[in-house]
Amino acid sequence: MTTDEKKALRTKIDAWFDANKQAMLRDLSALIDVESVRGEAQPGMPYGPGPAAALDKAQEILKNAGFSPVNHDHHVVTADLSDAEPVLGILTHVDTVGTGDGWSTDPHIAVTRDGKIYGRGAIDNKGPTVAAVYALRAARELVPSLTKGCRLILGSAEETGHEDLAYYRQKSEIPPNVFTPDAQYPVVNVEKGRYSVTFSASWQENDALPRIIKINGGTTQNVVPNIAEAYLEGLPFPYIQALCVVMSAKTGARIWAVEFRNGLRIRAVGKGAHAMHPETGVNAQSALLSVLRELPLPQGGCRKAIKALAKLFPFGDTSGTALGVAMEDETSGPLTLNFGVLTLDNTGVTAGFDCRTPETATSETLDAVAEQALADAGFTITDVSKTAHHHTPADMPFVQTLLNVYEDYTGDKGECLVMGGQTYVHDIDGGVAFGPAFPGVNNRLHAANEFIGIDELLLSAKMYTQVIIDMCS
Numbered sequence: 017m018t019t020d021e022k023k024a025l026r027t028k029i030d031a032w033f034d035a036n037k038q039a040m041l042r043d044l045s046a047l048i049d050v051e052s053v054r055g056e057a058q059p060g061m062p063y064g065p066g067p068a069a070a071l072d073k074a075q076e077i078l079k080n081a082g083f084s085p086v087n088h089d090h091h092v093v094t095a096d097l098s099d100a101e102p103v104l105g106i107l108t109h110v111d112t113v114g115t116g117d118g119w120s121t122d123p124h125i126a127v128t129r130d131g132k133i134y135g136r137g138a139i140d141n142k143g144p145t146v147a148a149v150y151a152l153r154a155a156r157e158l159v160p161s162l163t164k165g166c167r168l169i170l171g172s173a174e175e176t177g178h179e180d181l182a183y184y185r186q187k188s189e190i191p192p193n194v195f196t197p198d199a200q201y202p203v204v205n206v207e208k209g210r211y212s213v214t215f216s217a218s219w220q221e222n223d224a225l226p227r228i229i230k231i232n233g234g235t236t237q238n239v240v241p242n243i244a245e246a247y248l249e250g251l252p253f254p255y256i257q258a259l260c261v262v263m264s265a266k267t268g269a270r271i272w273a274v275e276f277r278n279g280l281r282i283r284a285v286g287k288g289a290h291a292m293h294p295e296t297g298v299n300a301q302s303a304l305l306s307v308l309r310e311l312p313l314p315q316g317g318c319r320k321a322i323k324a325l326a327k328l329f330p331f332g333d334t335s336g337t338a339l340g341v342a343m344e345d346e347t348s349g350p351l352t353l354n355f356g357v358l359t360l361d362n363t364g365v366t367a368g369f370d371c372r373t374p375e376t377a378t379s380e381t382l383d384a385v386a387e388q389a390l391a392d393a394g395f396t397i398t399d400v401s402k403t404a405h406h407h408t409p410a411d412m413p414f415v416q417t418l419l420n421v422y423e424d425y426t427g428d429k430g431e432c433l434v435m436g437g438q439t440y441v442h443d444i445d446g447g448v449a450f451g452p453a454f455p456g457v458n459n460r461l462h463a464a465n466e467f468i469g470i471d472e473l474l475l476s477a478k479m480y481t482q483v484i485i486d487m488c489s
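17 is the number of the first residue of the sequence shown in our numbering; add one for each residue after it.
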């Protein structure tokens, strides 16, 4: 395609989306209005009524756009550009995470304000879903002579394990070139592996004072815990209060003590973050352990466990250095570690951590080292979850097409990125993520007041249109 032909096509794409902007925003609002958090399975609804209803709404939007969508038993819905064999696949999803607190509007009613659309799923992933639907329609109408096919695949369990896509792949092939608009621009071509471990220790109950009655830390390995509490007996309040002041200054977490029943309660408040970026959070349970490790506890299982946990997962160590697993490589950067789970009572402790691992991580350099360190500290591993590293070479023609489109439409340099999270394409050879988040924009993914900018939504839809045309010509 010559430079003049590219300019002419770009003008047509811009005009098409100007004409269809309001319809696109209307469809996105309707999709956001469907609450689609996973629930209990029901007949014909493998992930509950919410995700099934969102698939139905997406299917309706596709039909209204002139496509003939196929509902695969309410796991996924697919739609094809044409009868031609698909050479391009676009994977999106219509399920969402829960709403949580802190919203300034109803998260299940789309609100347009200041050039943005607010609502749960606006950026993840209902906005990109509608953008992809309209891109498919724009490509078909603007260049009816396309000779190759594109398939849009809309899932409904991306947030909870990808069983939907696994179901689809049992019966259908994934196109040879695939992107998911479920990460960042320009292109994410490397997704780190994941290594998550739950471990425990137990001991005989001991009523000797002073003692820790219980600890409540984080409950999810892939989230930096923002609150942690410990309940104590047999220690003077002024001593604990002074220790909290010292450790607050050292860690940056807010740590304080209050008298509680016959003892004390220590609370640590940090800052939550996703496990793929633990360094951006403030780990409350590690901060709490920095206080507890200083206590004059009697010899026994509880004291040993507290000392070991504080040594293996010290505050601020998000690289796994103390555990002995710190590593990095040129392709995917450093290993990150989040100490995310901790509960303790009079007879034992359960804890867990989550690592996002580089390409260089192996069973010998990671698993064996971590497991030995835990065993030496007296812990027993009760569960291990592991997924492999994903890497699509940046020099692949498909990746270069995406980068070129990004540069042409934004004027910014296209480059490949590394991500600690894992998308639909994590185990798909050649798959990458392409948008929807633009550099420097915090769309409040998985948080209160999630939004997508209307201009960003339209720009994404235009770029997806161009990719479809370039790949299917």
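Every residue, glycine too, gets a C-beta built ideally from N, C-alpha and C.
The model shown is predicted, which means the values in this text are computed figures rather than measured ones.
Bridge partners of F467 according to DSSP: Y134. At a Cβ-Cβ threshold of 8 Å, L304 and T145 do not count as neighbours. Rounded to whole angstroms, I231 and G317 show a C-alpha spacing of 14 Å. In this structure, R283 keeps its C-beta atom at 8 Å or more from the C-beta atom of T403.
In the DSSP secondary-structure assignment, W272 is bridged to R283. Contact between the segment 421-431 and the segment 170-187 is absent: fewer than three C-beta pairs spanning the two stretches fall below 8 Å. Of the residues assessed, S161 falls on the exposed side of the cut-off, its CB having fewer than 16 other CB atoms within 10 angstroms.
Taking 4 residues as the minimum length, the alpha helix (DSSP H) runs contained wholly in the segment 63-138 are 65-80, in order along the chain. Within its own chain, the residues whose Cβ lies closer than 6 Å to the Cβ of V483, once the five positions on either side in sequence are excluded, are V421, listed in chain order. With contacts defined by Cβ atoms closer than 8 Å, A273 and A300 do not form a contacting pair. In the assembly as shown, F331 is a buried residue. Its beta-carbon has 16 or more other beta-carbons within 10 Å. A direct Cα-to-Cα measurement between W119 and R129 gives close to 14 Å. The beta carbon of G114 sits closer than 6 Å to the beta carbons of V53 from its chain, once the five residues preceding and following it are set aside; these are given in chain order. For the options S264, E76, M292, the alpha carbon positioned closest to that of S348 is the one of M292.
Here the C-alpha atom of L308 lies approximately 17 Å from the C-alpha atom of A217. The residue from V103, P413, D198, D72 with its alpha-carbon nearest to that of P452 is D198. Under DSSP, Q200 shares a beta bridge with A453. Spanning the alpha carbons of T112 and D140 requires a straight line of approximately 7 Å.
In the structure shown, D370 falls within a strand segment according to DSSP collapsed to helix, strand and coil. If you ignore the 5 residues before and after T398, its C-beta comes within less than 7 Å of the C-beta of T214, F215, S216, all in its own chain and listed in chain order. Judged by DSSP secondary structure, S401 falls within the beta strand (DSSP E) whose first and last residues are 396-403.
Annotated three-state conformation of M40 is helix, per DSSP. Relative to the Cα of I444, the nearest Cα in the group L461, G233, N205, S335 belongs to N205. Bounds of the beta strand (DSSP E) holding D361 are 352-361. Annotated as distal: V434 and F195, with beta-carbon spacing of 8 Å or more. Rounded to the nearest whole angstrom, the C-alpha separation of T359 and V341 is 24 Å. DSSP places A377 in the coil class of the three-state scheme, outside both helix and strand. In this chain, T337 is not harboured by any beta strand (DSSP E), its DSSP state being neither H nor E. P455 sits exposed, since fewer than 16 C-beta atoms from the chains shown fall within 10 Å of its C-beta. When L168, H405, L325 are compared, the shortest CA-CA separation from A391 is found for L325. About 5 Å separates the beta carbon of N362 from that of E221, a gap short enough to meet the 8 Å contact definition. Taken in chain order, the whole beta strand (DSSP E) runs of length 3 or more contained in the segment 162-199 are 165-171, 193-196. The secondary-structure analysis by DSSP pairs C260 with nothing; it has no beta-bridge partner.
The Cβ atoms of G165 and A100 lie closer than 8 Å to each other.
The closest CA to that of Q38, considering only V385, V400, L473, is found on L473. In the DSSP assignment, the residues bridged to M435 are E207.
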